[in-house]
Every structure is written in C-alpha cells, then in structure tokens.
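Encoded as structure tokens, the structure appears first; notes follow it.
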Amino acid sequence: MNYIAIEEFCTYHGVQVELIREFADFGLVRLQQQEQQVYLPAEEIEKAERMLRLHTELGINKEGLEIILNMRDQMLSINSELETIRYRLRQLEQEQDLRLFGTGNQVNDLESEV
Numbered sequence: 001m002n003y004i005a006i007e008e009f010c011t012y013h014g015v016q017v018e019l020i021r022e023f024a025d026f027g028l029v030r031l032q033q034q035e036q037q038v039y040l041p042a043e044e045i046e047k048a049e050r051m052l053r054l055h056t057e058l059g060i061n062k063e064g065l066e067i068i069l070n071m072r073d074q075m076l077s078i079n080s081e082l083e084t085i086r087y088r089l090r091q092l093e094q095e096q097d098l099r100l101f102g103t104g105n106q107v108n109d110l111e112s113e114v
C-alpha cells in the first residue's frame, strides 16, 4: 500500500496538519501511523483533497463534510446498482428477442422463403 506523509500532503495543499488530523478524528479520512510518522494512504488522497476544497473554498464544516461524503457514497452505490440493472435488462431483452425471433436472422430467413 502506498502512503504520503501528512506533512508533505499539507505543505503541498497549503493547510495545517491539524486540519487533516481533525478530519481523521472525526472519521472523515483514514490515517496510518508508522513509527513516529503519520501517513495518508494513497486511496484516501482524493477524498482528502475533495474535503479540503469543500472546507476551504465553501467553508463547509466537518459535520457538513460528513453528510456530503455519505450522500456521495450513496449516490455512487445507487449509480452502480442502476448500471447492474440496466445490464441485466439488456440481457433479458436479448433473450426475449431470441425467443421471439430465433437467431436474429429473421429477415434473411423470410427472404430465402420468397
């Protein structure tokens, strides 16, 4: 698993380390401690950057960030479920077409009969 030191992350984004620690204490982002250093796992970077933008640019507090992140996760889950349903619907439509029209070459079959 890849990590970035939170000091490096915070320096790059121009924020205090304490802000990321507050996000972690509130459960908004996961940190990893190794020896004396605290790291942000690579898979948390995008989420941390999103939270920083919402917090610094729009002034959204930690409670608001939590609501936004939960709603985003729900939306992503619903979109994934919708894609699964659409895929299954296409499969069922294709199966129905095969049952109704055979191989799908019904036009060629009709032309050969004429």
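For the sequence shown, the UniProt record's numbering gives the first residue as 1, with consecutive numbering after it. All residues carry an ideal CB built from backbone N, CA and C; glycine is no exception. What you are looking at is a predicted structure, and each value in this text was computed from that prediction instead of being measured.
In the DSSP secondary-structure assignment, Ala5 is bridged to Tyr39. Shown here, Gln32 sits in a strand according to DSSP, grouped into three states. Here Leu31 is actually not in contact with Leu19; their C-beta atoms are around 12 Å apart, not less than 8 Å. Within the same chain, no residue comes within 7 Å of Glu57 by CB-CB distance, once the 5 residues on both sides are set aside. Following the DSSP letters along the chain, one finds Phe26 in no alpha helix (DSSP H), marked with neither H nor E. For the pair Leu92 and Glu66, the CB atoms are not nearer than the 8 Å cut-off. Between Leu54 and Ile60, the gap from beta carbon to beta carbon is short of 8 Å. Restricting attention to Ala42, Glu95, Glu35 and Phe26, the CA atom closest to the CA of Leu69 is found in Phe26.
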